[in-house]
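Structure first, commentary second.
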Amino acid sequence: MSTSVPVIAQTAGKGAARSAAKRRRNKVGGADRRPGWVTYTILSVVLLVSVYPLLYVFLLGSSDQLTISQNPIPSLIPQGNLLENFQRVFDSAIPLWKGFFNSLIVAVLQSLSVVIFSTLAGYSFAKLRFRGRGPLLVFVIATMAIPTQLGIVPLFIVMSEIGWSGKLIAVIVPGMVTAFGVFWMTQYLENALPFELIEAARVDGASMIRTFWHVAMPAARPAAAMLALFTFIGSWTAFFWPFIILNGSNPTLPMVIQQLQANYFQDYSLIMAGVLLSTLPLIFVFIFAGRQLVAGIMQGAVKG
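13 is the number of the first residue of the sequence shown in our numbering; add one for each residue after it.
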């Protein structure tokens, strides 16, 4: 509180002093300004809307089929059949562990490749000057507007021609770099990496690759961590392309969970228990890496 506030308190009273202090906090621009009830209300609504689908899956997965058939909208109180339903999923004939390891391989390899290739491309677009840089970046960004479904048929023909149909490599290779990743890293490195650092490294005799590895990669670490997390989630939950190119003997986890459905009878408690099992790795990733990811983002924002 500034020295003017005690003077106002002595001359005009404590109410005027509190009003002056409040006006001063608002004038500062919000660095130490506390959010109001409108902000908390909006955040609460967004939180409830975001959490409700997962809560709905948990409530159905903890119930039994008879209860669900009588009341499709579950009670907010969890039932006691969750572990039993988990055991039913493990005892079913679906290749759960094979799907789990296949999804893990695809998600890890795609996350690593997307981070490396997108950072390389983002560094080139953001910090290197070459002919056609602008139109080429616009072309890469424009590909984000093309629906994935339009490229499925030619991609399927290519994969069949080279003999990759039914193999995990047919899922991994098409997702090794994304236009979103290139755009994300370009925008981040544009502001987070000063040209002076690159020029200093080049003056010291560092090659282009060494400058990228020792200067650009450390600066890009916060954005790369978030890109890796987004890519991992997208690869882990991908269903459309793996369902088309893979077969039942070599499935990913979403394909395995889909096999829990029967033709004439849907056991929703079993299906939701399987869905909940498939989301547990993602929840663990958020629990153990969420704080480090947020800290990395804030560190990068301060440096930028």
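The beta-carbon is built from N, C-alpha and C at its ideal position, and this holds for glycine as well.
Predicted model only: the values in this text are computed from it and were never measured.
Pairing A232 with Y280 gives a Cβ-Cβ distance that is not under 9 Å. When rounded, the separation of the alpha-carbon atoms in E96 and F207 is 59 Å. Taking 9 Å as the cut-off, the beta carbon of S115 is found no closer than this to the beta carbon of W253. In this structure, T198 sits near A133, with a CB-CB distance shorter than 9 Å. Taking C-alpha positions only, L124 is separated from A240 by approximately 7 Å. The Cβ-Cβ distance between A154 and E202 does not fall below 9 Å. I164 places its beta carbon less than 9 Å from that of I256.
Judged by DSSP in its simplified three-state form, D103 adopts helix. Approximately 5 Å separates the beta-carbon atoms of F244 and A119; this is inside 8 Å, confirming the contact. Secondary structure at I89: coil, using DSSP grouped into helix, strand and coil. Between the segment 260-275 and the segment 99-110, the count of C-beta pairs closer than 8 Å reaches three or more; the two stretches touch.
A contact is defined here as three or more CB-CB pairs under 8 Å, and the segment 138-150 fails this definition with respect to the segment 81-89. When secondary structure is reduced to three states using DSSP, F251 falls in the coil class, being assigned neither helix nor strand. Here V189 really is in contact with S130; their C-beta atoms are around 6 Å apart, less than 8 Å. Taking C-alpha positions only, F151 is separated from P107 by approximately 41 Å. By the Cβ-count criterion, P234 is buried, with 16 or more other Cβ atoms from all chains shown falling within 10 Å of its own Cβ. S172 counts as exposed, since fewer than 16 other C-beta atoms from the protein chains shown sit within 10 angstroms of its C-beta. Put simply, the backbone Cα of V194 is about 30 Å away from that of L59. Check the Cα spacing between W176 and each of N259, W225, S75: the tightest is with N259.
T223 carries a helical assignment under DSSP once its states are collapsed to helix, strand and coil. Judged by beta-carbon spacing, A237 lies beyond the 9 Å limit of V227, meaning their Cβ atoms are not closer than that value. M284 is a Cβ neighbour of L72, given a cutoff of 9 Å.
Here Q161 is exposed, its C-beta having fewer than 16 other C-beta atoms within 10 Å. Close CB contacts of V126 within its chain, under the 8 Å cut and outside five residues either way in sequence, are with G187, M188, V189, T190, G193, L239, A240, T243 (chain order). In the three-state reduction of the DSSP assignment, L140 falls in the coil class.
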